[in-house]
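In our numbering, the protein residues as written are 9 to 825.
Written out below as structure tokens is the structure these notes cover.
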């Protein structure tokens, strides 16, 4: 019971509050992310079991032969079909690009749909899609199009009644974060819309269920007949792309949490060290009265264990609450509601608390138990313990192991430590410049502040690195989600196309051309387009090559033209001329990734038919031109035998937006992509997701504040003595407060400067390597970083030190005497 009594006494004295706060922060941060990640993983697993809406699925870009389906019927397999494509919806003057899904009777074979007949009622399960003449809309489509249940909307050449709100479909794509607003219709109505034309981008899914043995025999019979445009999907295939995305997101969040934990652990270490120093006299007295080392160690370890258990429990509870709010914030992005997490996240949080305590809180207590009573009571520190440096090993080692465990990668761990090393080195350089400055010549408060900075150079380096890291992460996130999109839009050519017309059928081509030309719009030529898959290079299948390049894992848009498109430039070979009227021109970067060169023969599969073409030229493209661009451009006439649709882009001034209404009414099967709306949706999505990320990064700044408070408390005796001497010599309290504002303001400016340097470097890499844009200097960043640092560190530091300059100097000097 003695450790608990001492715990209560020390807590009331305020000595343990900082240690407890830092532990709660570290545990809650990691627990929240572990819970969040676990729930997303469980949601992905649930959807991977039901996302087929069947036991097996045949997916194809074209309709399959009828005998394949007849064979399944002969084997007594259950069947259903879905057809998915993107199209424009219209209702009055409102238009919206949507993901359309036409379903047959009997859909879904596995799982269920959830829908509501009115917005106010609860979702109900159903095992049948809409009836003919009716559609169900995803909830977010109703306000976007100003629709209510019972209203009419137009899809292609047909009108439909909005009969319900679609809340859940078991096979909502293979992407957990699919964001296209959904319209579900009955497959019997599809033909009357006249939307699907030869060459349209469509996904046909044929669903099967039944006896396992019958399914196995059927697909053994079917697979040898499949083309390159068809594949069989079963539950074992899962969602590898989503898994990779989740892994990356999880690693990033855990790395951010690791930095917060690292800073919180430093605060624990500083606070525990001060706690040990303050209790050295108690231990010396206890030893003088006969208490042994083990007895003392048991008391203090028991006390710290009790504190750690309480703080960890509070951290686990707060972390669970944070993740619950994060899931609620992002609820609209999950087709499957993430289920409750298991006990593993609690284990991760518990392990974090243990690592912080063992690595940073216990070593000072072990040193405390080694206290020499005579040396302590005499205040004789002339012969320090040479083994004291051993107490510094557990902290970094425990953090190294924790970060390795959280990230799951030794490479990421090493990279993180290397980055932190660079930040600390940068902080040391900035701090050295700061303390060697000539600001002391200003006298008064400036001289006192500079003197304090010079005496605490080591701690100041740590402080600059801590706050610099937190500010860097926050600024990089802020600029990445705001400035980069704006910069990308600014570097687009003036009057760059902002609308794309796709799915233009050949019989509509002349009418669409006349309509666009009648408005004198700046547009590109109309390019024909067919879908094809690269299947061989010089007779060698591309199976091995496609592992290196994701561009050919999907069907490509193939086109042909006799004129080299604007913003294209031939860098090898030659364009079509009188002596060269066949072949294919390949985009140079794709050619480099696939190891293609002039003269190579490419074989494509288009709608199940194969065609070959020799590479006659390599081209560069300007993807920022917002014009239709193609990896593969064929010579005119090369693909005339294949059904095609057309694509065009044009610039439409904002004041002429009503032209879109006319175009959709006259050509309902043509799909229109409005880039401005897409960019706005991207910005909104990034902004909402960034809230969750920034909440983690904000914890890093809170951890930095804890480090600051712990450091100030560790030096509070020195600061009390300094303040007492200055006030005894005639210095006023306001002079000391101004010196504190200057001292911590300069530290904040230094941290902000370090953050600005790191953020500018990060943005440079993103703009040039990721977005392939020219780098733009961000002058506002160099003002925002130091200003934010000065306000944050200056305020926190001054408030933490106010008590040191408020004590009566006579009282302080008497205590020192």
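Note that beta-carbon positions come from the ideal geometry of N, C-alpha and C, so glycine has one too.
Original post:
Using the beta-carbon count (16 or more within 10 Å), is residue 45 buried or exposed?
Top reply: Its Cβ being crowded by 16 or more others within 10 Å, residue 45 is buried.
**OP:** Classify residue 229 as helix, strand or coil using the three-state DSSP reduction.
**Re:** Of the three classes helix, strand and coil, the one that applies to residue 229 here is helix, per DSSP.
Original post:
Who are residue 283's beta bridge partners in DSSP?
Top reply: Residue pairing from DSSP leaves residue 283 without any beta-bridge partner.
**OP:** Could you work out which residue in 149, 191, 117 is closest to residue 142 when comparing CA atoms only?
**Re:** Of 149, 191, 117, the residue nearest in Cα terms is 191.
Subject >> Given residue 504 as reference, the closest of 430, 631, 412 once Cα atoms are compared >> reply: Nearest of 430, 631, 412 to residue 504, Cα basis: 631.
Original post:
On the three-pair Cβ rule with 8 Å, is the region 532–541 touching the region 613–632?
Top reply: Output reads yes: the region 613–632 touches the region 532–541.
Original post:
Between the C-alpha atoms of residue 423 and residue 526, what's the straight-line distance to the nearest angstrom?
Top reply: Answer to the nearest angstrom: the Cα atoms are 58 Å apart.
Original post:
The beta strand (DSSP E) with residue 86 in it runs from where to where?
Top reply: Looking at the DSSP string, the run of the beta strand (DSSP E) that includes residue 86 is 86–99.
**OP:** Taking all protein chains shown into account, decide if residue 565 is buried (16 or more other Cβ within 10 angstroms of its Cβ) or exposed.
**Re:** Result: buried.
Subject >> Other residues of its chain near residue 389: CB distance less than 6 Å, five sequence neighbours each side excluded >> reply: Its pLDDT being 48, under 50, residue 389 is placed unreliably in this model, and the coordinates cannot settle the point.
**OP:** With distances taken Cα to Cα, identify the nearest neighbour of residue 136 among 633, 651, 116, 151.
**Re:** Cα-wise, what sits closest to residue 136 is 116.
**OP:** Keeping to the same chain, check which residues put their C-beta closer than 6 Å to that of residue 432; ignore five residues upstream and five downstream.
**Re:** Excluding positions up to five away in sequence, the list reads 473.
Subject >> Residue environment, residue 71, which counts as buried when at least 16 other CB atoms sit within 10 Å >> reply: Only exposed fits residue 71, as fewer than 16 other CB atoms lie within 10 angstroms of its CB.
Original post:
For residue 330, is the classification buried or exposed, using 16 other Cβ atoms within 10 angstroms of its Cβ as the cut-off for buried?
Top reply: By the beta-carbon neighbour count (other beta carbons within 10 angstroms, threshold 16), residue 330 is buried.
Original post:
Exposed or buried, residue 237, counting other C-beta atoms within 10 Å across all chains shown (16 or more means buried)?
Top reply: The residue in question, residue 237, is buried, as its Cβ has 16 or more Cβ neighbours within 10 Å.
Subject >> Where the beta strand (DSSP E) containing residue 238 begins and where it ends >> reply: For residue 238, the uninterrupted beta strand (DSSP E) run begins and ends at 238–242, by DSSP.
**OP:** Could you check how far apart the C-beta atoms of residue 194 and residue 91 are, in whole angstroms? I think they sit under 8 Å.
**Re:** That belief does not hold up - the Cβ atoms of residue 194 and residue 91 are roughly 11 Å apart, past 8 Å.
Subject >> Integer-rounded CB distance, given that residue 759 should sit under 8 Å from residue 476 >> reply: Rounded to the nearest angstrom, the Cβ distance from residue 476 to residue 759 is 4 Å, consistent with a contact under 8 Å.
Subject >> Boundaries (first-last residue) of the alpha helix (DSSP H) holding residue 631 >> reply: Where residue 631 is concerned, there is no enclosing alpha helix (DSSP H), given that its DSSP letter is neither H nor E.
Original post:
Looking only at its own chain, which residues have a Cβ that is under 7 Å from the Cβ of residue 752, when we skip the five neighbours before and after it?
Top reply: If we look at residue 752 and ignore the five residues flanking it on each side, its Cβ neighbours are 801, 802, 805, 806.
Subject >> Inter-residue spacing [alpha-carbon to alpha-carbon] between residue 312 and residue 370 >> reply: Pairing residue 312 with residue 370, the inter-Cα distance amounts to about 8 Å.
Original post:
Span of the beta strand (DSSP E) holding residue 194?
Top reply: In the DSSP assignment, residue 194 falls within the beta strand (DSSP E) that extends over 190–194.
Subject >> Where residue 734 sits in the DSSP three-state scheme >> reply: Judged by DSSP in its simplified three-state form, residue 734 adopts helix.
Original post:
Opposite residue 102 in the DSSP bridges: which residues?
Top reply: Its beta-bridge partners are 99.
**OP:** Output yes or no for whether 8 Å exceeds the beta carbon distance between residue 543 and residue 601.
**Re:** No, they are not a contact pair.
**OP:** May I have the straight-line CA-CA distance separating residue 281 from residue 412, to the nearest angstrom?
**Re:** Each residue's alpha carbon lies about 26 Å from the other.
Subject >> Cut-off 7 Å between Cβ atoms - residues of its own chain near residue 604, not counting five sequence neighbours on either side >> reply: Excluding residues within five positions, the ones whose Cβ falls inside 7 Å are 545, 594, 623.
Original post:
Taking the continuous alpha helix (DSSP H) assigned at residue 750, which residues delimit it?
Top reply: Its alpha helix (DSSP H) spans residues 741–773.
Original post:
Quick one: what's got a C-beta closer than 6 Å to residue 187's C-beta in the same chain, skipping five residues either side?
Top reply: With a pLDDT of 44 at residue 187, under the threshold of 50, the modelled position of that residue is not reliable, and the figure given next carries that caveat. Nothing listed; no residue qualifies.
**OP:** Could you tell me whether the Cβ atoms of residue 717 and residue 812 are closer together than 8 Å?
**Re:** Not closer than 8 Å, so no.
Original post:
Roughly how many whole angstroms lie between the Cα atoms of residue 555 and residue 277?
Top reply: Note on residue 555: pLDDT 45, under 50, position unreliable in the model; no value is reported.
Original post:
Taking the alpha-carbon positions, what's the residue 242 to residue 364 distance?
Top reply: Their Cα atoms are separated by approximately 45 Å.
**OP:** Report back the beta-carbon spacing between residue 711 and residue 31 to the nearest angstrom; my notes put them in contact at under 8 Å.
**Re:** Their Cβ separation, rounded to whole angstroms, is 11 Å, which puts residue 711 and residue 31 out of contact at 8 Å.
**OP:** Pull up the CB-CB distance for residue 590 and residue 646, whole angstroms please, since I reckon it's below 8 Å.
**Re:** Under the criterion of beta carbons closer than 8 Å, residue 590 and residue 646 qualify as touching, at roughly 6 Å.
Original post:
residue 322 to residue 349, Cα distance in whole Å?
Top reply: Here the alpha carbons of residue 349 and residue 322 stand approximately 18 Å from one another.
**OP:** Could you pull out every unbroken alpha helix (DSSP H) segment of at least 4 residues lying fully inside the region 301–348, listed in chain order?
**Re:** For the region 301–348, whole alpha helix (DSSP H) runs of length 4 or above, ordered along the chain, are 301–337.
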